[in-house]
Ligand code: SAH
C-alpha cells in the first residue's frame with residue numbers, strides 16, 4: 026500500500042466511519058483483472074466491465090450483452106454496487122446550472138454541481154463528505170468532516186453527470202463534459218490518495234477510464250503544503266487552485282485556519298513549485314468579503330506577492346452562508362481591487378456567481394437538508 030499523504034496523516038477521517046463498498050472505479054486496470062478472477066471469471070471480463078462503465082456509461086447489467094447473463098448479476102453486485110442515490114436536484118440560470126444532492130450508502134450527504142456554458146460544461150465535485158478545514162465563511166466548513174469519499178464515490182458523481190448530459194437531461198441538447206473542478210465539499214488534498222486515484226480514472230483513456238483531459242481538471246486546496254508538493258510530483262497537467270483569501274498571515278489565520286500551520290509564503294512557494302512542474306498557471310482564489318479582505322492595501326499586498334509569477338487571480342464575490350455576518354464586497358471596492366491587481370500586471374477575473382438561488386455555495390444544500 027502507498028504511504029499516506031502528509032495531509033492524510035494530519036487530517037485522518039473520524040474513527041468508526043463506515044467504509045463504502047468496493048467498486049470497479051476504485052481499482053486500477055490490473056486490480057480489476059485480479060478482482061474478476063477472484064470471482065471465478067476470465068480476466069478479460071474486467072475490460073468488458075470497464076468498457077460498460079467508463080466508455081458506454083451503461084450501468085444496467087441487461088445491456089452487457091457481451092457477458093453471459095448468468096455472470097452479469099454477480100459481477101454487478103461485486104464490482105458495480107450502487108454507490109449513491111439522488112436526494113434532490115435543483116436548477117437555476119435557465120436550468121443551465123443543476124445541483125444534485127446525493128445520499129451515499131451509509132446515509133452521508135454530498136453535493137455536485139453541473140454548469141453549462143456556451144461551448145463547455147463544468148462539473149464541480151465533492152472529495153469528502155463535509156470538511157475538516159473549518160473556514161468560517163464556508164457552509165461545509167461549519168459542519169465538520171464526516172468522512173473521506175472513496176475514489177469510486179468521487180468518480181461516480183462525474184459518471185452520473187456525463188450520463189445525464191449525454192442523455193439530454195440538461196436543457197440545450199446532448200453535450201460532453203469538458204471541465205471538472207474539485208470545488209465541491211471537502212479538501213481534496215486531505216483525501217490525497219483517493220483524489221489522485223479519481224484523477225487517474227477520469228483521465229485514463231477509454232476503456233480503462235473516462236478519457237477526459239487532465240488540462241480540464243482543477244484541484245482546489247486551502248494550502249496543505251506537503252500534499253501540494255507531493256501533487257507536483259505526480260506529473261499531472263491539472264490546474265491547481267489555491268484558496269488564498271488574504272495576502273497577510275494575520276487575516277488568513279482567521280479566514281483559512283490551516284494557515285496557522287502553513288503560512289502564506291510557504292503556500293505560495295508550493296504553488297510555484299506546482300506551476301513549474303505542471304506548466305500551468307496556478308489559480309489564486311480570493312472570496313471578496315465586504316470590509317474584511319477587500320481593502321486596496323490588501324490588493325496591493327497581493328499584487329506584490331503575485332507579480333511576475335505563474336498566477337491568475339479568481340475573485341469570488343462571497344456567497345453568504347445562512348446566518349453569516351459577512352457579505353460580498355461593494356461593486357466599487359471590487360472594481361478597485363481588480364484595478365490594483367492589474368496595476369501589478371496580475372491577470373484577474375471575477376467569477377460569475379452561478380447558482381446563488383440554489384444555495385450554490387459550497388455545502389449549502391447538504392446543510393439545508395441536515
Ligand atoms: N477545500 C477546497 C475546495 C472546496 S471550496 C478549497 O478550499 O479550496 C472551493 C472554493 O469555494 C474555495 O476557494 C472556497 O474558499 C470557496 N468558498 C467556500 N465558501 C464560499 C462562499 N460562501 N462564498 C464564496 N466562496 C466560497
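Numbering (my numbering), first residue to last: 26 to 395.
Cβ coordinates follow ideal geometry from the N, Cα and C atoms, glycine included.
Computed from a predicted structure; not experimentally measured.
In the DSSP annotation of this structure, the continuous segment of the alpha helix (DSSP H) that includes residue 217 starts and ends at 217-228. At the C-beta level, residue 287 and residue 248 come within 8 Å of one another.
Secondary structure remark: continuous alpha helix (DSSP H) runs of at least 4 residues inside the stretch 277-348, in chain order: 289-303 and 321-331. In the structure shown, residue 128 falls within a strand segment according to DSSP collapsed to helix, strand and coil. For residue 226, the closest of 323, 76 and 64 by C-alpha to C-alpha distance is 76. For residue 266, the closest of 283, 81 and 300 by C-alpha to C-alpha distance is 300. Closest in alpha carbon position to residue 161, among 348, 102 and 121, is 348. When the beta-carbon positions are compared, residue 339 and residue 310 come within less than 8 Å of each other. Counting along the chain, the unbroken beta strand (DSSP E) around residue 153 starts and ends at 153-155. If you compare the alpha carbons of 154, 200, 182 and 116 with that of residue 173, the shortest gap goes to 154. Beyond the five residues adjoining it in sequence on each side, residue 361 comes within less than 6 Å, by CB distance, of 321 in the same chain, given in chain order. Between residue 129 and residue 158, the C-beta gap is not smaller than 8 Å, which leaves the two residues out of contact. DSSP lists 147 as the beta-bridge partner residues of residue 204. In the displayed model, residue 165 falls within a helix according to three-state DSSP. The continuous beta strand (DSSP E) containing residue 171 extends over residues 170-173.
Distance check between residue 171 and each of 210, 359 and 47 places 210 closest, using alpha-carbon atoms only. In this structure residue 135 is not in contact with residue 149, their Cβ atoms being roughly 11 Å apart against a cut-off of 8 Å. Here residue 342 really is in contact with residue 313; their C-beta atoms are around 6 Å apart, less than 8 Å. Of all alpha-carbon atoms in 277, 371 and 375, the one lying nearest the alpha-carbon of residue 318 is that of 277.
Assignment of residue 105 by DSSP, reduced to helix, strand and coil, places it in the coil class.
When only Cα atoms are considered, residue 371 and residue 105 end up about 47 Å apart.
Taken through DSSP and simplified to helix, strand or coil, residue 183 comes out as helix.
Distances from the CB of residue 344 to the heavy atoms of the ligand SAH include at least one below 7 Å.
In the three-state scheme derived from DSSP, where H, G and I count as helix and E and B as strand, residue 136 is classed as strand. Shown here, residue 360 sits in a helix according to DSSP, grouped into three states.
The stretch 63-117 contains, as complete beta strand (DSSP E) runs of 3+ residues, the segments 109-117 (chain order). Distance from the Cα of residue 190 is smallest, within the candidate group 283, 201 and 352, for 201. In this structure, residue 308 and residue 337 form a Cβ contact; the two beta carbons are roughly 5 Å apart against a cut-off of 8 Å.
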